[in-house]
Amino acid sequence: MSILQIQNASKIYGSGHTEVNALKPTHFSAEKGELIAVIGPSGSGKSTFLTIAGGLQRPTEGSVLINGQDVTKLSEKKRSRIRLSEVGFILQASNLIPYLTVENQFRLLDKVKKGTMNPNEKEKLLKQLGIDDLVKKYPADLSGGEKQRVAIAKALYTKPSLLLADEPTASLDSDRAFEVMSILSLEVKEKNKAAIMVTHDHRLTKYCDKVFTIVDGQLSQIAHGDRADAQLNASD
Amino acid sequence: MFLAWNELKSAKLRFLLIIGVLTLMSYLVFLLSGLANGLAELNREAVDQWGADAIVLSDESNINLPQSSMTIQSAQNISAKDKAQIAQILLVARKSGTKIKESVAVTGIQKDQFLMPKISEGRAFTTDNEVVADDSLKADGLKIGDHLNISSSDQKLIIVGFTKNAKFNAAPVLYTTQSTVQKIKYGKANASGKGLINGVVLRDPHFAHLKVDPKLKLTPIETFIENMPGYTPQKISLDFMIYFLFVIVSVTIGIFLYVLTIQKVSIFGVMKAQGISSGFLIRSVIAQTFLLALFGVFIGLVLTTITGVCLPAAVPIQLNIPALFVYGIIFILVATLGSLFSVQTIVKIDPVKAIGG
Chain A
5 MSILQIQNAS KIYGSGHTEV NALKPTHFSA EKGELIAVIG PSGSGKSTFL
55 TIAGGLQRPT EGSVLINGQD VTKLSEKKRS RIRLSEVGFI LQASNLIPYL
105 TVENQFRLLD KVKKGTMNPN EKEKLLKQLG IDDLVKKYPA DLSGGEKQRV
155 AIAKALYTKP SLLLADEPTA SLDSDRAFEV MSILSLEVKE KNKAAIMVTH
205 DHRLTKYCDK VFTIVDGQLS QIAHGDRADA QLNASD
Chain B
2 MFLAWNELKS AKLRFLLIIG VLTLMSYLVF LLSGLANGLA ELNREAVDQW
52 GADAIVLSDE SNINLPQSSM TIQSAQNISA KDKAQIAQIL LVARKSGTKI
102 KESVAVTGIQ KDQFLMPKIS EGRAFTTDNE VVADDSLKAD GLKIGDHLNI
152 SSSDQKLIIV GFTKNAKFNA APVLYTTQST VQKIKYGKAN ASGKGLINGV
202 VLRDPHFAHL KVDPKLKLTP IETFIENMPG YTPQKISLDF MIYFLFVIVS
252 VTIGIFLYVL TIQKVSIFGV MKAQGISSGF LIRSVIAQTF LLALFGVFIG
302 LVLTTITGVC LPAAVPIQLN IPALFVYGII FILVATLGSL FSVQTIVKID
352 PVKAIGG
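Chains A and B, in that order, give the protein sequences. Add 4 to the 1-based position in the first sequence for the numbering used here, that's all there is to it. Add 1 to the 1-based position in the second sequence for the numbering used here, that's all there is to it.
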């Protein structure tokens with residue numbers, strides 16, 4: 005069973021003159037162990053795609069199945085529960101709460117969800133991401149890259165089956181970016197998760213199993229990861 | 002509580018300021034209620050000291066003790082469980098040899114009846130013209146042994162003792178014998194005044210069943226107090242001041258907390274995107290408000306108590322601690338209710354907007 009299945013979903017904002025076709029009818033699926041990149045310029049519908057995939061908003065038409073459950077038919081309350089248990093968001097606007105220390109960011113998740121990582125798993129994750137000595141700090145005291153890594157740790161901490169990342173490497177230097185990508189890819193492979201990453205950074209596609217582009221709300225697969233890299237480099 | 006508390010800790014200055022505002026507001030409410038109480042007390046504290054249930058006055062008096070007049074004979078015909086005769090005249094007393102003048106209520110009682118006040122200093126009166134005075138007069142320079150000249154009479158009074166909390170309709174009371182009052186009222190020579198008093202104070206929970214002479218009127222003590230000149234209009238004004246203050250303060254706090262919530266919309270949005278429920282966030286906002294109000298009210302109470310102690314005796318402030326606690330609890334409840342304004346906002350937050358989708 006696919007972790008994420010999007011069937012004929014589309015999103016239209018507004019109506020009449022102001023109608024915007026943010027996402028054209030789309031079929032999409034993400035399987036266990038897949039790391040998928042969606043590349044597109046800003047305003048292309050990347051974020052709409054990501055929020056629909058994560059059950060944050062309903063598509064105008066079509067359905068979205070997360071682990072076989074159609075989230076488009078659920079109430080906001082139930083979707084919220086699915087998000088908490090199944091989906092890990094890594095947001096561009098870093099999803100850290102400014103008044104909690106890094107340690108407490110994780111404790112907050114413990115409070116709202118059962119089955120988060122145990123202390124050993126957490127320690128390992130923090131070490132991998134190189135943020136194990138930042139636990140006492142507030143987000144305001146972290147650099148952009150550190151914030152991003154904490155955000156990633158936070159998304160992984162709830163052990164979601166679907167990871168959705170909006171520009172996860174945006175504020176990281178190349179070395180860090182590659183490192184973060186390999187952690188993500190390892191996490192996906194090892195724990196049989198699916199991850200979808202929206203980015204404009206072509207260099208990252210070599211870590212991905214599938215690459216899609218999105219232009220004016222039209223999603224299309226351009227390649228499998230290994231080939232994607234070569235193709236894009238050729239066209240640059 | 003987790004979010005609420007951690008946020009308080011991380012933005013200490015901001016929350017200290019908010020607590021400061023809540024403190025000042027509760028201080029204002031507490032202090033004004035204390036002053037309003039004090040003012041009401043000025044009128045009634047002597048009557049409260051009597052611990053009476055009812056009073057019998059002449060029907061003509063319009064429930065006004067100084068205006069009432071009745072015979073001792075008719076007083077004796079009242080069959081209440083416990084009763085005490087009272088004679089009273091309002092006049093101005095001047096300390097002999099000085100210009101210290103006071104409007105006082107000279108009140109004649111019988112020593113063996115329950116109107117006899119507790120002596121806080123000096124001794125009880127034993128003969129005519131000796132008086133036990135309200136101790137607020139001490140602040141005006143009167144002391145035991147002082148002689149008092151009185152207006153409209155050549156009688157002289159001498160202070161032999163003091164008692165606490167004895168103001169009648171804002172005038173300090175001088176307790177003395179009934180015959181002293183009669184002498185002042187009707188003159189030494191006039192024997193016809195001998196048998197006259199102003200009223201009879203009753204201690205009898207079942208006073209409603211008592212039959213009295215048709216020329217007399219039986220009045221519950223609360224009604225008697227409400228009919229004191231100026232008491233009710235004053236009390237209504239003050240009570241309404243407090244009620245309006247409560248309403249205005251609660252709306253202000255509500256708005257304040259609403260603004261605070263609005264500022265946090267984007268953070269709440271991010272949390273909602275992660276699947277944290279509105280219920281959790283609402284509980285956290287309410288818990289935070291509760292904590293803020295609790296701190297604010299507590300500090301307000303402490304400040305009020307300190308102020309009450311420090312104010313000069315001339316300021317009529319009466320801090321009724323149990324009542325202040327009730328006000329404090331209402332205040333905390335009202336503030337917490339005010340935070341419910343924000344609930345709708347939190348429910349409506351669209352996580353998609355919050356994360357810039």
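We put the beta carbon where it would ideally sit given N, CA and C, even for glycine. Just so it is clear, the structure is predicted and the values come from calculations on it, not from any experiment.
- Using a Cβ-Cβ cut-off of 9 Å, B:F291 is close to nothing in chain A; its nearest Cβ partner there is about 18 Å away.
- Proximity of A:F216 to chain B, defined by a Cβ-Cβ separation below 9 Å, is not satisfied.
- Annotated as proximal: B:I160 and B:G146, with beta-carbon spacing under 9 Å.
- The C-beta of A:N108 comes closer than 9 Å to at least one C-beta of chain B.
- Contact between A:L39 and A:L188 is confirmed by a C-beta separation of about 7 Å, below the 8 Å threshold.
- In the structure shown, A:S224 falls within a strand segment according to DSSP collapsed to helix, strand and coil.
- At a cut-off of 9 Å between C-beta atoms, B:L4 counts as an interface residue with respect to chain A.
- Put simply, the backbone Cα of B:V316 is about 16 Å away from that of B:D135.
- Assigned with DSSP and collapsed to three states, A:H204 falls in coil, not helix or strand.
- At a cut-off of 9 Å between beta-carbon atoms, B:Q275 makes contact with chain A.
- In the structure shown, B:A140 falls within a helical segment according to DSSP collapsed to helix, strand and coil.
- C-alpha of B:A172 to C-alpha of B:G255: approximately 43 Å in a straight line.
- For a cut-off of 8 Å, the C-beta gap from A:I43 to A:T203 is around 6 Å, short enough to register as a contact.
- Taken in chain order, the members of the segment 257–283 of chain B whose beta-carbon sits within less than 9 Å of a beta-carbon on chain A are S267, I268, V271, M272, K273, A274, Q275, G276, I277, S278, S279, G280 and F281.
- Residue B:I249 holds the alpha-carbon nearest to the alpha-carbon of B:L29 among B:V310, B:I249 and B:L292.
- Minimum Cα-Cα distance from A:R153 among the listed residues A:K131, A:N122 and A:S6 corresponds to A:K131.
- Every unbroken stretch of the beta strand (DSSP E) spanning 3 or more residues and falling wholly within the segment 72–123 of chain A is given here in chain order: 91–94.
- Each of A:F32, A:A13, A:A26 and A:E23 was checked against the Cα of A:A198, and the nearest Cα belongs to A:F32.
- With the rule of 3 Cβ pairs closer than 8 Å, the segment 226–244 of chain B counts as touching the segment 40–51 of chain B.
- Rounded to whole angstroms, the gap between the alpha carbons of A:D170 and A:Q73 is 23 Å.
- A Cβ of chain B is located within less than 9 Å of the beta carbon of A:P102.
- Contact between the segment 229–243 of chain B and the segment 96–112 of chain B is not established, with fewer than three Cβ pairs separated by less than 8 Å.
- Here A:A13 carries a strand assignment [DSSP, helix/strand/coil].
- At least one CB of chain A lies nearer than 9 Å to the CB of B:N7.
- Listed in chain order, the non-local C-beta contacts of B:L292 below 8 Å within the same chain comprise A5, W6 and L9, local neighbours out to five positions each way being set aside.
- Scanning the segment 109–197 of chain B from its first residue to its last, the whole alpha helix (DSSP H) runs of 4-plus residues come out as 179–187.
- Around the CB of A:E90, 16 or more other CB atoms lie within 10 Å, so the residue is classed as buried.
- For B:V353, a Cβ of chain A is located within less than 9 Å of the residue's own Cβ.
- Interface residue (Cβ-Cβ distance to chain A less than 9 Å): B:A12 is classified as such.
- Taking 9 Å as the CB threshold, A:T22 stays off the interface with chain B.
- Counting along the chain, the unbroken beta strand (DSSP E) around A:S33 starts and ends at V24 to A34.
- C-alpha of B:H148 to C-alpha of B:L158: approximately 6 Å in a straight line.
- With a threshold of 9 Å between beta carbons, A:I70 makes no contact with chain B.
- Listed along chain B are F3, each with a C-beta nearer than 7 Å to that of A:K115.
- Counting other Cβ atoms within 10 Å of its Cβ, A:D179 stays below 16 and is therefore classed as exposed.
- The residues P317, I318 and Q319, in chain order, have a CB closer than 6 Å to that of B:G39 in the same chain once the five nearest residues on each side in sequence are set aside.
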